[in-house]
Structures are given as C-alpha cells and as structure tokens.
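Accompanying notes for the structure given below.
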Amino acid sequence: MGIDDEVDLDGRRLRTLRSRAAMSRAAFDLLNERGLDSVAVEDIAERAGVTRRTFSRHFSSIEEAVLGEIDQDVHLFNEALRRRPRSEPPLVAYRNALHDWLVAEYTGPKAAGLARRWALFQRFEDEPALAAGYQRIRLEGQRESVRIIAARLDVDPAVDRRPEVAVAAGSGLLIAALQAWGTGSDTDGLPDLIDAFFDTLHGLRAEFQSEVSPS
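Mapping of the sequence shown onto our numbering: residues 21 to 235, in sequence order.
If you want it as structure tokens, here you go:
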C-alpha cells in the first residue's frame, strides 16, 4: 500500500468516525427532546444528515445509537489503560487511566460533554432498554480491561486472579462514583467523586489489614 492509499484510508476512517459520532449525538438529542419511544431511525438520520442505510451500517438499534458515545468512552478508557506504564500496580494503573481518560475527553473545549453524559445517566431509570444496553457495554469493557491487565502482568487470567480482581475493584469504584454522580446535581463532579471513592478504598484496605493482622 502506498502513502496516498494510506492517507485515503485514514481519511475514510475519520469520516466514518465523524458520521458515527454525528448519529450518536443526534440520537441523544432527540432522546432528550422526545423520549425514546418517540424517536425513529428516520429522525436520527435526518438530524445527522445521513441516510437510513448509513444508520443501519453503524447501529442495529436506536438504543445502540444513543449509547454510541458511551461505547466510545469505554474504548478510550481501555486505550488509556493500555498506555499506562507497566511498572504501575494494576489498581493504580486503573485509577490513573481513569484520570487520563477524563482529562483527555472532558476538559477544556470538551468539558460540556460531561454534562451530556450526566443527562444520559438521568435517563436510565425511565428507559430500561438504555440501562440494559449500558450494562452490556460496561461488561464488555470490563472483560477487555481484564485482558489488558493480564497482558501487563504476563499472566493467564483464568489461573491468576489478579487482573479480574483489580478490574472488579476499579470498575466497582467507578460504578459507585457514577451512581452518586448521576443522582446528584453537580454535572462536573465526576472526577472528584472517583478520587473520593478510590481514596476511601485505600483507607478501608488499611483498616482491613489492621483487623486481620495478628495482635
């Protein structure tokens, strides 16, 4: 493949990503305006400036389109986890990857995106199909996180449980922070909540070690 071919391929990938992002934004906006039951594929395609056929190439349902940005978030977090130094312990790497992801995706000109995520989380209680789709995305992301940490440790996760335990702990803290954030009113408060939950775990670990150590 020549340089021109590679540039053209990169251009097509970029256009594909932009088209997908536009459809996800349109689906999310229409959800907020009308509610999920009042949104049709044709509405999303028209709002995003694409055809219904283009929509169907990217998404199998309206719920999947609404959650498209969440799916991208999970992917971006795992990429951040993959980039963390191998010298970091697994749970430290998980926490630092969360920080890297939030800084890269939700600060500066992108800060308004965090309020959009908050608004979407507000919808889960009234839209069970969205909540179920979110759970599927989350679980798939956690499985990928386990594979990434297993590779960092050069272990088989079916034999060595550290990757699974680290992800269970890290994702559990993230979920707790997301739940507290989603039921609160501070749309910008997610990073501080994540830090608070991880710091609390650190304190609980010290208490646990004190309890189980021989007196």
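No residue lacks a Cβ here, since even glycine has one placed at the ideal position from N, Cα and C.
Please read these numbers as outputs of a predicted model, since none were measured by experiment.
- Taking R163 as the centre and dropping the five residues before and after it, the same chain places no C-beta closer than 7 Å to its C-beta.
- Nearest C-alpha to R35 among H78, E125, A60 and A47: H78.
- Here DSSP, grouped into helix, strand and coil, assigns T207 to coil.
- Nearest in C-alpha terms to A41, of all of T74, R54 and L194, is T74.
- Residue environment: D93 is assigned as buried (16 or more neighbouring CB atoms within 10 Å of its CB, all protein chains considered).
- The Cβ atoms of A139 and E83 lie no closer than 7 Å to each other.
- In this structure, the straight-line span from the alpha carbon of Y114 to that of R103 is close to 11 Å.
- For T127, no alpha helix (DSSP H) run applies, since DSSP gives it neither H nor E.
- In the displayed model, L111 falls within a helix according to three-state DSSP.
- In the structure shown, G192 adopts helical secondary structure according to DSSP, grouped into three states.
- For G161, the enclosing alpha helix (DSSP H) has its first and last residue at P148 to L173.
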